[in-house]
Amino acid sequence: MELSSPNYSDSYALDDGLSELNEGLSDLNDDLSDLNDDYSTQLLSDRYAQQFSEVYELIRSTETFSDDKIRENMYTYYNELGLNEYYFRTSSNALIANNLISVMSAKILHENSGSNFFPTIEQVTDESVFIIARTSTVNRKSSENYLVEQRVEKKYFNLDDDRKPCWRMQCFRSSASVFKETEFVFDRLKIYFFQKPKFAEVKPSPSELDIGLLLDKDFYTNKKDTITEQIFYKLNKKLVDSKTGMGLAINCEPRTNNVYRLDVAFKRGYVHKDFYSRISDAITLHDLYSKSKYIDPLSNKVCLFTSFLTSLPKNQSTIESSVEDRMASLVDSIILTSIVPTSYISSLNVDRILTIHEASYCYCVSTFIQHFSGSVGPYVATVDNLAKNSQVSQSEIHEIKSKLKVQSFTSLQVYTSISNNPEIVKMLFQHFDLLHNPKLQKTNETTASSSSEKADSDKELDSSTEYKYPRRINQPNVIEAEALAKRVTRIIKLLEDPDEIEILLYFVKFNNYTLRTNFYVPEKISLSFRFNCGFLSKLDYPKVPYGIVLIIGPHFTGFHIRFSEISRGGVRVVQSFSDEAYTRNKLQIFDEAYNLSYTQSLKNKDIPEGGSKGVILLEKTSTKYKADLFTRSSFMCYVDGMLDLILPNRHIVDLLGKDDIYFLGPDEHTGTGGLMDWASEYAKFKGLKYWRSFTTGKAPYLGGIPHDKYGMTTASIEAFVQGILNKYGLKEEEVTRFLTGGPDGDLGSNALKCSNTKTLTVLDKSGVLHDPNGLDINELRRLAYLRDEPATPDKTSPQSSPRLTASTLKLSSSRDIEADEALLGASSKTCSMKYNKKLLSSRGFMVPEEATNVTLPDGFVVKNGYKFRDEFHLSAYAKADLFNPCGGRPSSITPFNVQRLFNESGKCYYKFIVEGSNVYITQNARRFLESKGVVLFKDASTNKGGVTSSSYEVLLSLVLDDATYEKVAVEKNGVVPEFRRKYVEDILDIIRRNATMEFEALWSEGLRTGTPRCDLTDVLSDKINDLKLKIKSSSTLFGDKELVHNVLRRCVPGSLLEIVTVEKIIERLPKMYLRALFASYLASNFFYNQKFSDDTSVFSFYEYITSLKGCGDAVKVDKEVFFDDSPFSNISLKVTSLTKV
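In UniProt numbering, the protein residues as written are 1 to 1141.
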């Protein structure tokens, strides 16, 4: 917000582009506090005498009213009602006459019956609309114009859909009431003028700044070289140059007579459809009113709201603060209301029960409650007993518990608790305010302890709602917060309704377990909260995450979950196209993210980073276009909210007390369209030191190593496929394959490119492609390579790559709808349904997802293409040697449908299964398949190539200085530096080597023990991760300089060691990352060469360490003198030194 005291006059309200009013007239000379217009001593009936006379004759000709009644009402209408002169200057005589007749009729009805009815007057043409409605300065919601504004907002503004037109609006308020009695003293009339804009440039460049080309032509003619043009230029430029194109650009300036000018600019398409009403509600809630307000769309999809505001007279206002303070609060409120989605709670601020800040806070807590208040309850004992007596993995336990979980409180239940106890809720917000509002942090006592005194985890707060703030315990505001929390808790526990008690206590828990929040950051586009994870019940979540982030935006709810201090994982977007799908996704979104994050931690055993997962749940959308639009905008809001929590910010109270590091990667709906590139560059713009490593899978022009371009994930999957073929002595060309995930996906396209197996089926979003005689391999590869063809200019060079402005990664106003949909991914460059039908055999077929009543070659009729596609992998057609799921939703094969993979004789349709997709098959279904002789390798082992590639992309960005990085790691103008080529090859070699080692370890251990390999994967991952954690937290091994150097020489790609010394690597890597890199290599390579399902001896580990140090002599074992922080300190046999005997 910008506050200044300009010394100019602004005649916006009268000189509006549709009229040529006298320059001296200005709404800013109105004495608004007295509700009187006094800018001219000449009566309007005299100034417009000819019009006055002609209107009189028109009314008189109806023979409805007496001459005296006409003259009396016309005099009042022109001179005493206080209508804006623009109305008389621009309206036709017939329109004014019709309006006067309506007003006179209402007044006569009122005088004779006491009715206070006043009709809404509306005149509509193809190009313009005129409306008069009654309003109230006391209760906006009870006014007739409240419903009018909601209706016209939806019909004429289209704020949430930039493909539809937005009309101009000018709204003026009378200064007197139609009815004279005292009880109507606060009633006014509002006159609305709507007009279709006529732009000089209909499809401007996305970076266009010339207001003359963007504004309505007539309006600009009258605004040229005025302060309004300057303001509009400044606000438009801020949005065009914005790195997100979202958020608000706000101008707030004082004028004369206690009046403020407020301008709010925003991009249509991303904002709430009722955003205009939200701004108007916010104005009213601050006991302010607008004498005039305007909507002015620009042809580049930017829209500007302008209003001239002042306070209600003191006898009408309940707020004692100054207008200046109220305007500052109003700006904050408008930003908050632009973020928080519509809900039951929204009505509580419109009804003045809660302030906008309180209602926004309540919405965030309500979201928290809806996701975390459920529990497995009384069934937990049964689940735990099952786990003890059966071979059940941690992820499987959580899956079972999720099915048994008692549903969380609903949004309606939370709303009811809030609306029944508004005073308690206000106290709860005050408690939140004391803890997290930086303006309330009092530091005259002992302040927060230094970062070095903080614990290295978030576990020092317990999981109750107790009020322990060990880091700031002596601060006055914390003492006050503790006292308030105890008082409000006592009040809550006295309530009669047990559900209300539990719900309101969750507010206290939310307040206490929030470690950082951007709630008080002035400029934001989402609300984000970093939690201490102690609030999670260990009954529901036995493996407690390291950190949880909740992010709320205009059209989404997002989470980020990680299981270690240094973690990486993808961010996925979940789209819903029906209420049922949204409800289902909402119920499972956190648990799905938790499971994926935990699975990621198993997969990340070879690399320094632990597992994490980000998920963004979009609101329900009716079209794919809208879903893809919200995907991009919501991802930007998500990243912006996360960066608010990561970077130092004086508007955030830091209760975490240490650096929080995040690495994000591509996932469902975020791996295309340059989103990872944008996030990295945006992190740089925001000042993040490690911006290059903030995201992985970036474009080559940023030095990124895209998984799909180089087939990183496929490299590990195919290593397992080749391992199986080698064990059975099979030729690749003779093995048949069933592939889910088609040529439009990373894994599907790369499988088709690199494999020579005989593919029988390709199953992707577009439909089912099947030929039992085999699909043409060259045609499949043609489709796969189509994915690589750019739909836009080549993105390998900075000149042609998306940059950080509002014209990138967002819809271009110069594009038509078809081009927009192509940009957003609504249409695909390739898919299985683009296969050449002529190449199918007589038994082959193609069934698109939208197909109905299609007859297959064998006579079977497909009634519904969607259902046929979703269940095809379970059908009798689905036969192949190798089943290779590389796309599809989690839990596509479960214990409830796994039997459908077997024929009547009990033989499975597949001999081998190598999973590419995450959690495509549930653990118990995997066990069943293995028990029937199917050779199966699960996702956590097979598809780790992508995470390995991402980890080495992070390593490169952390080790190289900027100049070297630009020289050797970045592709420019299509030229690939020699170092980059070699580094990529090194990564692929590491991926294949690690995959081969894990395959051999699982193969041999499976044969030796008979344990299902899907369980052995978990055993191996758990053992590696456990040892990795112990090594990382120990100084015994990390303190051995020789060992550290030898390990780095083995785990760092040789191409990187050619340009950077080990010493430089140690110097440049963050200490926590260096420890993790060291530990991950030691732990994984040790267990890959062990009978890992047995208890491994300490001596074996130290023999392994000896080999890494290049020492072949015997090892002296000492049983008495050892470091307590040894990785094996909890084992009786300990070794502290490697001494030659």
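From the three backbone atoms N, C-alpha and C, an ideal C-beta is built for every residue, glycine too. Nothing here was measured: the structure is a model prediction, and the numbers come from that model.
Let me confirm a value: residue i is counted as buried when at least 16 other C-beta atoms fall within 10 Å, else exposed. Which label applies?
| i | result |
| --- | --- |
| residue 860 | exposed |
| residue 159 | buried |
| residue 724 | buried |
| residue 522 | exposed |
| residue 698 | buried |
| residue 256 | exposed |
| residue 1004 | exposed |
| residue 1184 | Beyond the ends of the chain as shown, which are 1 and 1141, falls residue 1184; an answer cannot be given. |
| residue 99 | buried |
| residue 906 | exposed |
| residue 626 | buried |
| residue 44 | buried |
| residue 1099 | exposed |
| residue 312 | buried |
| residue 468 | Here the model assigns residue 468 a pLDDT of 48, short of 50, so the residue's position is not dependable, and the following value carries that caveat. Counting Cβ neighbours within 10 Å, residue 468 comes out exposed, since fewer than 16 surround it. |
| residue 340 | buried |
| residue 23 | Residue confidence for residue 23 is low, a pLDDT of 30 falling below 50, so the modelled location carries little weight and cannot support an answer. |
| residue 223 | buried |
Excluding the five sequence neighbours on either side, which residues of its own chain have a C-beta within less than 6 Å of the C-beta of residue i, listed in chain order?
| i | result |
| --- | --- |
| residue 1060 | 959 |
| residue 429 | 358, 361 |
| residue 614 | 560, 571 |
| residue 199 | 299 |
| residue 1081 | 1047, 1051 |
| residue 988 | 715 |
| residue 695 | 664, 676, 679, 680 |
| residue 669 | 573, 631 |
| residue 156 | 167, 194 |
| residue 637 | 525, 526, 553 |
| residue 776 | 839 |
If I measure Cβ to Cβ from residue i and keep anything under 7 Å in the same chain, skipping five residues before and after, which residues do I get?
| i | result |
| --- | --- |
| residue 590 | 371, 559 |
| residue 538 | 544 |
| residue 623 | none |
| residue 779 | 835, 836, 839 |
| residue 407 | 374 |
| residue 1079 | 1028, 1031, 1032 |
So what does residue i bridge to, in DSSP terms?
| i | result |
| --- | --- |
| residue 82 | For residue 82, which the question treats as bridged, DSSP gives no partner whatsoever. |
| residue 170 | 193, 294 |
| residue 311 | 288 |
| residue 123 | 130 |
| residue 253 | 261 |
| residue 855 | 861 |
Might you give, ordered along the chain, the residues of its own chain that have their beta carbon closer than 8 Å to the beta carbon of residue i, omitting 5 neighbours on each side?
| i | result |
| --- | --- |
| residue 438 | 520, 650, 651, 652, 653 |
Throw me the rounded Cβ distance for the residue i and residue j pair, which I believe falls under 8 Å.
| i | j | result |
| --- | --- | --- |
| residue 759 | residue 739 | 6 Å |
| residue 308 | residue 261 | 6 Å |
| residue 567 | residue 612 | 4 Å |
| residue 744 | residue 830 | 5 Å |
| residue 368 | residue 510 | 5 Å |
| residue 505 | residue 424 | Residue 505 to residue 424, Cβ: 11 Å. No contact. |
| residue 301 | residue 267 | 6 Å |
| residue 1002 | residue 912 | About 14 Å separates the two Cβ atoms, so there is no contact after all. |
| residue 132 | residue 191 | 5 Å |
| residue 206 | residue 213 | With 8 Å as the limit, residue 206 and residue 213 do not qualify as a contact, their Cβ atoms being about 13 Å apart. |
For chain D, is any of its Cβ atoms less than 8 Å away from the one on residue i?
| i | result |
| --- | --- |
| residue 412 | Within the model displayed, chain D is absent; a lone protein chain is all it includes. |
Is there contact here, the segment 875–892 with the segment 920–935, by at least three beta-carbon pairs under 8 Å?
With a cut-off of 8 Å, the segment 920–935 and the segment 875–892 count as touching, because enough Cβ pairs lie within range.
At a cut of 8 Å, does the segment 979–986 reach the segment 595–602 through at least three beta carbon pairs?
Too few Cβ pairs lie closer than 8 Å, so no.
For the structure I just gave you, are there three or more beta carbon pairs, one from the segment 274–292 and one from the segment 223–231, closer than 8 Å?
No, the segment 274–292 does not touch the segment 223–231.
Does the segment 1056–1074 touch the segment 927–947, meaning 3 or more C-beta pairs lie closer than 8 Å?
Result no; under three Cβ-Cβ pairs closer than 8 Å.
Decide yes or no for the touch test of the segment 1084–1096 against the segment 1015–1025: beta carbon pairs closer than 8 Å, at least 3 of them.
Result yes; three or more Cβ-Cβ pairs closer than 8 Å.
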